[in-house]
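A.B. asks:
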Amino acid sequence: SAVISQKPSRDICQRGTSLTIQCQVDSQVTMMFWYRQQPGQSLTLIATANQGSEATYESGFVIDKFPISRPNLTFSTLTVSNMSPEDSSIYLCSVVAGGFNEQFFGPGTRLTVL
Amino acid sequence: AQSVTQLGSHVSVSEGALVLLRCNYSSSVPPYLFWYVQYPNQGLQLLLKYTSAATLVKGINGFEAEFKKSETSFHLTKPSAHMSDAAEYFCAVSFTGGGNKLTFGTGTQLKVEL
Numbered sequence: 001s002a003v004i005s006q007k008p009s010r011d012i013c014q015r016g017t018s019l020t021i022q023c024q025v026d027s028q029v030t031m032m033f034w035y036r037q038q039p040g041q042s043l044t045l046i047a048t049a050n051q052g053s054e055a056t057y058e059s060g061f062v063i064d065k066f067p068i069s070r071p072n073l074t075f076s077t078l079t080v081s082n083m084s085p086e087d088s089s090i091y092l093c094s095v096v097a098g099g100f101n102e103q104f105f106g107p108g109t110r111l112t113v114l
Numbered sequence: 115a116q117s118v119t120q121l122g123s124h125v126s127v128s129e130g131a132l133v134l135l136r137c138n139y140s141s142s143v144p145p146y147l148f149w150y151v152q153y154p155n156q157g158l159q160l161l162l163k164y165t166s167a168a169t170l171v172k173g174i175n176g177f178e179a180e181f182k183k184s185e186t187s188f189h190l191t192k193p194s195a196h197m198s199d200a201a202e203y204f205c206a207v208s209f210t211g212g213g214n215k216l217t218f219g220t221g222t223q224l225k226v227e228l
């Protein structure tokens, strides 16, 4: 398994600003992902955070809006840029640790945009 | 393409009653299947996983699920519900060669009543 922490746990931001979310894992992992969970909804994959290269984004998500860094095998950041109220969601990072594509999730960052 | 369907966005049971949460999947290749639980204001916790080793899978907190290929189902059950089981439950599918990505169902909110 893996223990994952995220910072901040929650934030309230103004429209037009940006927020960077940090994800820290207690062990080195190859695969790390970022998800969005809109209010009352399921999880949607934003991107795969690749160590040493650009993140791989899912359809509907772009680097300009959600830039991701992955400087090493234990840490990643997701930035939500030029925020609007529609970006109000829970953002979760996850890692693959163990076999069979098993993913472990961080506690999430609850973002409210006013 | 793979997908997951969870029947019933809300399920209500009495304390001590059987819990049955339904999940059907679609996958063109042998899948890995997972059930996650999300308690209020928390991240996702893995309940159990199917990886083809056994069709009946036992997880944490007394939950289990049975993989039925003929029905393309992976329903989650617990013989006796407890108040602490009230949470959101997500079924997810992955497969070898899929980049470790998880596709989530829309979730089922479980309510346990006295």
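Same order as they appear, the protein sequences are chains V and Z.
Following the numbering used here from start to finish, the first sequence increments by one per residue and tops out at 114.
Following the numbering used here from start to finish, the second sequence increments by one per residue and tops out at 228.
C-beta atoms are modelled at their ideal positions from N, C-alpha and C, and glycine is treated no differently.
If V:Ala-2 and V:Asp-26 are in contact, beta carbons under 8 Å, what's the gap, nearest whole angstrom?
C.D. replies: On the first sequence, position 2 is the one that residue 2 of chain V refers to. On the first sequence, position 26 is the one that residue 26 of chain V refers to. Indeed, because the Cβ distance is near 6 Å, the residues count as touching under 8 Å.
A.B. asks: What residue from Z:Phe-181, Z:Leu-224 and Z:Ser-194 has the CA that sits closest to Z:Val-207's CA?
C.D. replies: Locating residue 207 of chain Z in the second sequence gives position 93, counting from the first residue. Among Z:Phe-181, Z:Leu-224 and Z:Ser-194, the Cα nearest to that of Z:Val-207 is on Z:Phe-181.
A.B. asks: The beta strand (DSSP E) that contains Z:Asn-138, what's its start and end?
C.D. replies: Looking up residue 138 of chain Z in the second sequence gives position 24. Run containing Z:Asn-138: 138 to 140, per the beta strand (DSSP E) assignment.
A.B. asks: Going along the region 42 to 55 of chain V in order, which residues come within less than 9 Å of chain Z, judged by CB to CB distance?
C.D. replies: Cβ contacts with chain Z: Ser-42, Leu-43, Thr-44, Leu-45 and Thr-48.
A.B. asks: Where do the N-terminal and C-terminal ends of the beta strand (DSSP E) with Z:His-189 fall, by residue?
C.D. replies: Walking along the second sequence from the start, residue 189 of chain Z turns up at place 75. Element bounds for Z:His-189: 187 to 192.
A.B. asks: In the structure shown, what three-state DSSP assignment does V:Ser-42 receive?
C.D. replies: By one-based count along the first sequence, residue 42 of chain V stands at place 42. In the structure shown, V:Ser-42 sits in coil (DSSP, three-state: anything other than H, G, I, E or B).
A.B. asks: If we count the other Cβ atoms within 10 Å of its Cβ and call it buried at 16 or more, is V:Tyr-35 buried or exposed?
C.D. replies: To locate residue 35 of chain V, count along the first sequence from 1; it is residue 35. By the neighbour-count rule (16 or more Cβ atoms within 10 Å), V:Tyr-35 is buried.
A.B. asks: Is it the case that the region 120 to 128 of chain Z contacts the region 161 to 175 of chain Z, given that we only count it when at least three CB pairs across the two stretches are under 8 Å?
C.D. replies: Result no; under three Cβ-Cβ pairs closer than 8 Å.
A.B. asks: What three-state label does DSSP hand V:Met-32 in the structure shown?
C.D. replies: Locating residue 32 of chain V in the first sequence gives position 32, where the first residue counts as 1. Residue state, collapsed to three classes: strand.
A.B. asks: Give every residue of the same chain whose Cβ lies closer than 7 Å to the Cβ of Z:Thr-220, excluding the five residues on either side of it in the sequence, and list them in chain order.
C.D. replies: Your numbering for residue 220 of chain Z matches position 106 in the second sequence. Closer than 7 Å at Cβ, skipping near neighbours: Gln-120 and Ser-123.
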